[in-house]
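Visitor: Provided herewith is a single structure, encoded as structure tokens, for subsequent inquiry.
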Amino acid sequence: MKKFKIFVLVFALLLIVGGGIGSVIFYQKLEVERKASEVNKKFKYDGSEELVLELKNGATVYLSPSQDDYVHMNKQGLTFSNNQNESTNWDIQKKDKKTLVTIDNKRQHKKIQPSVFSFNDISDDSISLRLPEKYKKITIKGEKVDVNVNTLLLSQLEIQTNRGYIGINDLSAQSLIVNNQHGDISVSQSKIEKNILLNTSSGNLSVDDTLFSELNMKVKNGDAFTANTKGNITIDNQNGQSEINHTKGSVNITNKNGDVFYHSNNITHDVALETTHGNLTIELDKPSYNKNKFDLKTEYGLLSIFNKNLSSETTFTSNKGDALIKATSKNGDITINELDSDDTQYEDH
1 MKKFKIFVLV FALLLIVGGG IGSVIFYQKL EVERKASEVN KKFKYDGSEE
51 LVLELKNGAT VYLSPSQDDY VHMNKQGLTF SNNQNESTNW DIQKKDKKTL
101 VTIDNKRQHK KIQPSVFSFN DISDDSISLR LPEKYKKITI KGEKVDVNVN
151 TLLLSQLEIQ TNRGYIGIND LSAQSLIVNN QHGDISVSQS KIEKNILLNT
201 SSGNLSVDDT LFSELNMKVK NGDAFTANTK GNITIDNQNG QSEINHTKGS
251 VNITNKNGDV FYHSNNITHD VALETTHGNL TIELDKPSYN KNKFDLKTEY
301 GLLSIFNKNL SSETTFTSNK GDALIKATSK NGDITINELD SDDTQYEDH
């Protein structure tokens, strides 16, 4: 029995040592492959007003500002191929005041079997692009592309993708347009002088801590969410929930199938909330309730204002006040709850 225990302990120790050695060899091999397949390319800004980036074969792209007059492309992925003809490359064409860059992202997969552990289909398709801020407009196109934008300054940014995630943080621009057929779109901590247009057929839209003149959000299947914004908001949502938290500006929401949630205080602009099939919930402070006009109506639902007894369970109007708060639901309840005047918190519903 004692010999058997010793055998088990020795065997376990050999497994641990063998696994450790195998892991070290494996990751050393990964590092060699990484360095061999690294791509570094650049070209100098040529005076164009617009830069068009078209990505083939799918990729995850990170955009950030360049510290010089060059467009830099870097890829530190694992292609497991030392053949330069199979590495990510680009084609650059100048036409009028537009520079067209087609990035051919080679996607490679190779199975590596270390001594103990198994890591299959290891690859990294992320591309880092550093862009000079001299371009007035940057357009990004791709079939399957995840786009991550961080700390860019330009006049216009337009993104057109069929499938992927779009994340934009700390963008300063005059206008932002994103059309994404399938995937989420997120905008955070940005300043857009004029308009933002976000459009997706299937995915969620989110904007927070952002200033703009006009925000238009269109979604067929997904949720729309905003928080801590300043500017006018328009949401057209076919199937999903729409939620507004702490905003300064007018709000116009049209939902077909889904609830609408509005949470804000110190209201000074018009608010219009409409849903065909869904509930409407409004959270506001008492001063906003007292100083604004109301037009509330539900056809097949119940109406509640601060849990008070009302003369009608389906309609309520108040014509004295500054801004107009209008809420309409065909099949759903309308509820107004009290919010503290100094409230700054919110929760994603």
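Here UniProt numbering is used: the first residue of the sequence shown is 1, the next is one more, and so on.
Backbone N, C-alpha and C define an ideal beta-carbon position, used for all residues, glycine too.
Just so we're clear, the structure is a prediction, and the values are computed from it rather than from any experiment.
What's the call for T210, buried or exposed, on a 16-neighbour Cβ count within 10 Å?
Guide: As a working note, residue 210 is residue 210 in the sequence shown. Classification of T210: buried, given that the 10 Å Cβ count is 16 or more.
Visitor: What is the DSSP secondary structure of P287, reduced to helix, strand or coil?
Guide: Locating residue 287 in the sequence shown gives position 287, where the first residue counts as 1. In the structure shown, P287 sits in a helix (DSSP, three-state: H, G or I).
Visitor: Let me confirm a value: N290 is counted as buried when at least 16 other C-beta atoms fall within 10 Å, else exposed. Which label applies?
Guide: On the sequence shown, position 290 is the one that residue 290 refers to. Flag for N290 reads exposed.
Visitor: If you run the structure through DSSP and keep just helix, strand and coil, what is L171?
Guide: Taking the sequence shown and counting its residues from 1, one reaches residue 171 at position 171. Three-state result, L171: strand.
Visitor: Per the contact definition of three or more C-beta pairs closer than 8 Å, is the segment 280-299 in contact with the segment 258-270?
Guide: The segment 258-270, when compared against the segment 280-299, does touch it at the 8 Å Cβ threshold.
Visitor: May I ask which residues mark the beginning and end of the beta strand (DSSP E) holding T200?
Guide: Here the question's residue 200 lines up with position 200 in the sequence shown. Element bounds for T200: 195-202.
Visitor: Can you check the segment 254-322 for any alpha helix (DSSP H) of at least 4 residues that lies completely inside it and give the ranges in chain order?
Guide: You should have 286-291.
Visitor: What three-state label does DSSP hand Y346 in the structure shown?
Guide: Residue mapping note: residue 346 aligns to position 346 of the sequence shown, counting from 1. DSSP places Y346 in coil when its eight states are reduced to three.
Visitor: Could you tell me if Y95 is buried or exposed, where buried requires 16 or more neighbouring beta carbons within 10 angstroms of its beta carbon?
Guide: Locating residue 95 in the sequence shown gives position 95, where the first residue counts as 1. In the sequence as presented, Tyr is not what sits at residue 95; that position holds Lys. So K95 counts as exposed.
Visitor: Between I253, T328, N245, which lies nearest to E347 when the distance is taken from Cα to Cα?
Guide: The residue labelled residue 347 in the question sits at position 347 within the sequence shown. If we check each option's Cα against that of E347, N245 comes out closest.
Visitor: For T298, which residues in the same chain have their Cβ closer than 7 Å to its Cβ, ignoring the five residues on either side in sequence?
Guide: As a working note, residue 298 is residue 298 in the sequence shown. Excluding positions up to five away in sequence, the list reads T314, S329, G332, D333, I334.
Visitor: For K75, count neighbouring Cβ atoms within 10 angstroms of its own Cβ and tell me buried if that reaches 16, exposed if not.
Guide: Walking along the sequence shown from the start, residue 75 turns up at place 75. Classification of K75: buried, given that the 10 Å Cβ count is 16 or more.
Visitor: Could you pull out every residue in the same chain whose Cβ sits closer than 6 Å to the Cβ of I336, ignoring the five residues on either side in sequence?
Guide: Residue numbering aside, residue 336 sits at position 336 when the sequence shown is read from its first letter. Contacts found: I282, I305.
Visitor: Provide the residue(s) that pair with H246 in DSSP beta bridges, ordered along the chain.
Guide: Translated into positions along the sequence shown, residue 246 becomes position 246. Its beta-bridge partners do not exist; DSSP assigns none.
Visitor: Looking at the strands, I want to know which residues DSSP matches up with L339.
Guide: What you label residue 339 is simply residue 339 of the sequence shown in a count that begins at 1. Looking at the DSSP assignment, L339 forms no beta bridge with any residue, so it has no partner.
Visitor: For Y45 and Y70, I'd like the C-alpha separation in whole angstroms.
Guide: Residue 45 sits at position 45 when you count from the first residue of the sequence shown. Residue 70 sits at position 70 when you count from the first residue of the sequence shown. C-alpha separation (whole angstroms): 6 Å.
Visitor: Assuming N292 and I325 are in contact, meaning their beta carbons sit under 8 Å apart, how far apart are those beta carbons, in whole angstroms?
Guide: Your numbering for residue 292 matches position 292 in the sequence shown. Your numbering for residue 325 matches position 325 in the sequence shown. Indeed they touch by this definition, with Cβ atoms about 5 Å apart.
Visitor: When burial is assigned at 16 or more other CB atoms within 10 Å of the CB, is G47 buried or exposed?
Guide: Residue 47 sits at position 47 when you count from the first residue of the sequence shown. Label assigned to G47: exposed.
Visitor: Which word fits N309, buried or exposed, when buried means at least 16 other C-beta atoms lie within 10 angstroms of its C-beta?
Guide: Locating residue 309 in the sequence shown gives position 309, where the first residue counts as 1. The residue in question, N309, is exposed, as its Cβ has fewer than 16 Cβ neighbours within 10 Å.
Visitor: Beta-carbon within less than 6 Å of V178's beta-carbon, same chain only, minus the 5 sequence neighbours each way: which residues are those?
Guide: Along the sequence shown, read from residue 1 onward, the residue named residue 178 stands at position 178. Only I159, I166, I185, L198 meet the Cβ criterion.
Visitor: Residues bridged to P132 by DSSP?
Guide: The count along the sequence shown starts at 1 and reaches residue 132 at position 132. Answer is none; P132 lacks a bridge partner.
Visitor: Among I267, V219, T200, which residue has its Cα nearest to the Cα of K230?
Guide: Along the sequence shown, read from residue 1 onward, the residue named residue 230 stands at position 230. Comparing Cα positions, the closest option is I267.
Visitor: When you compare each of N105, T99, Q181, E49 to Y135 by their alpha carbons, which one comes out closest?
Guide: If you number the sequence shown from 1, residue 135 lands on position 135. Out of N105, T99, Q181, E49, E49 has the C-alpha closest to the C-alpha of Y135.
Visitor: What residue from E54, S155, D343, T234 has the CA that sits closest to D270's CA?
Guide: Indexing the sequence shown from 1 puts residue 270 at position 270. Measuring from the Cα of D270, the nearest candidate turns out to be T234.
Visitor: Can you find the residues in the same chain that come closer than 7 Å, C-beta to C-beta, to G89, ignoring five residues on each side of it along the sequence?
Guide: For the purposes of this step, residue 89 is identified with residue 89 of the sequence shown, where counting begins at 1. Residue identity differs from the one stated: residue 89 is Asn in this sequence, not Gly. If we look at N89 and ignore the five residues flanking it on each side, its Cβ neighbours are D104.
Visitor: If you measure between the beta carbons of V149 and L55, is that distance less than 8 Å?
Guide: Position 149 of the sequence shown, counted from the first residue, corresponds to residue 149. Position 55 of the sequence shown, counted from the first residue, corresponds to residue 55. Their beta carbons are not under 8 Å apart, which means V149 does not touch L55 by this criterion.
Visitor: Report the residue from A173, E243, G203, R163 whose alpha carbon sits nearest the alpha carbon of S155.
Guide: Translated into the one-based positions of the sequence shown, residue 155 becomes position 155. The residue with the shortest Cα to Cα distance from S155 is A173.
Visitor: Where does the unbroken beta strand (DSSP E) through D209 begin, and where does it stop?
Guide: The residue given as residue 209 occupies position 209 in the sequence shown. Unbroken beta strand (DSSP E) run through D209: 205-221.
Visitor: With a threshold of 6 Å on Cβ separation, who are the neighbours of K191 within its own chain once the five nearest residues in sequence on each side are excluded?
Guide: The residue labelled residue 191 in the question sits at position 191 within the sequence shown. Closer than 6 Å at Cβ, skipping near neighbours: S172, L211.
Visitor: Kindly list the residues whose CB is nearer than 6 Å to the CB of Y300, restricted to its own chain and excluding five residues on each side of it in sequence; keep chain order.
Guide: Here residue 300 refers to the residue found at position 300 when the sequence shown is read from its first residue. Cβ neighbours of Y300 beyond the five flanking positions: N331.
Visitor: Using only alpha-carbon positions, find the residue among G222, T275, L176, N40 that is nearest to M73.
Guide: Within the sequence shown, numbered from 1, the residue matching residue 73 stands at position 73. The shortest C-alpha separation from M73 is found at N40.
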